[in-house]
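These notes concern the structure reproduced below.
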Amino acid sequence: MIPAWPRAGGEPPASALIRARPEDFEVTEELGFELAGEGEHVFLYLQKRGLNTMELLQRVAALSGVPERDIGVSGLKDRNAVTRQWFSVGLAGRAEPDWRQLEAGGDVRVLECGRHLRKLRRGVHRANRFRLVLREVEGDRAALVERLQWVRAAGVPNYFGEQRFGNDGATLEQARRWIASGRRRVTRARRGLYFSALRACLFNELLALRVADGTWNSIVDGDVCCLQGSRSLFRCERA
């Protein structure tokens, strides 16, 4: 089970159904830099519905004949959603296929295509934009509007959610048992999955403490900060 970490704004004033259908959750990836217009890496901006990122990556690999390791993505996107994201394909002298063949199944659209000098790496895109549809809303509408205004002003504690911990916390529980066993030998991919879940849990526990003492959306001594619009990190040390 995933722990019930504390909410900054108290109990929710309403409930709703989310992600009843893929169109209720849209994610649009913003690359944040211009393509060079040349190079051996083809950048594809693809829209998918009902597929996760790795499933679409496998289709790109099959069409292009490029090994999966030579195809880059900046982030992983959900299956139960309509998402738009970038892929890079290192052709390295191979003939470029007709990318429109990816659209044959009706669940993928090719939105843009260009060339670049380098492979797309994890986490390099500027931002994700989200659009969510809430259905069957029940509760105090006025209180809900007030809470949304509060969220707009204060933000929300950005806890890691179920996607990081597995269905009903299964991955997190497996990771805990793995640590308790003395870290028995597992595949590299499985080890990475376990460490990812454990790091996320530790982050959430620390964030929960900050929510409890009211410092979750302010900077305190010792915090590592990032300048907005950059990747410059520094430690806050106030005299």
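Under our numbering, residues 529 to 767 are what the sequence shown spells out, in order.
Each residue gets a CB set at the ideal place from its N, CA and C atoms; glycine is no exception.
The alpha helix (DSSP H) runs of length 4 or more contained entirely in the region 575-615 are, from start to end of the chain, 581-592. DSSP places Tyr687 outside both helix and strand once states are collapsed to three, so it counts as coil. For Gly683, the CB contacts under 6 Å within the same chain, skipping 5 residues up- and downstream, are Asn745 in chain order. The beta carbons of Arg659 and Gly560 sit no closer together than 8 Å. Counting only runs of 3 or more residues that sit fully inside the region 692-740, no beta strand (DSSP E) segment turns up. Counted as a single uninterrupted DSSP element, the alpha helix (DSSP H) harbouring Leu676 occupies residues 669-682. DSSP, reduced to helix, strand and coil, places Ala536 outside both helices and strands of the structure shown, so it counts as coil.
Following the DSSP letters along the chain, one finds Ser543 inside the beta strand (DSSP E) bounded by residues 542-546.
In this structure, DSSP gives Ala623 a state outside helix and strand, which the three-state scheme calls coil. In the structure shown, Gly633 adopts helical secondary structure according to DSSP, grouped into three states. The bridge partners DSSP lists for His569 are Gly618, His644. Rounded to whole angstroms, the Cβ separation of Leu563 and Gly642 is 4 Å, and the two are in contact under 8 Å.
For Asp635, the closest C-alpha among the options Gln575, Leu737, Arg711 is that of Gln575.
Assigned with DSSP and collapsed to three states, Glu551 falls in helix.
Taking Val748 as reference, the option from Val638, Leu735, Glu554 with the minimal CA-CA separation is Leu735. Within the same chain, and ignoring the five residues on either side of Ala740 in sequence, the residues whose Cβ sits closer than 8 Å to its Cβ are Pro534.
At a Cβ-Cβ threshold of 8 Å, Val594 and Val610 do not count as neighbours. By the neighbour-count definition (other C-beta atoms within 10 Å, threshold 16), Glu557 is a buried residue. Around the beta carbon of Gly600, a 10 Å sphere encloses 16 or more other beta carbons of the protein chains shown; the residue is thus reported as buried. Taking the Cα positions, Asn608 is about 45 Å away from Arg766. Arg692 places its beta carbon 8 Å or farther from that of His569.
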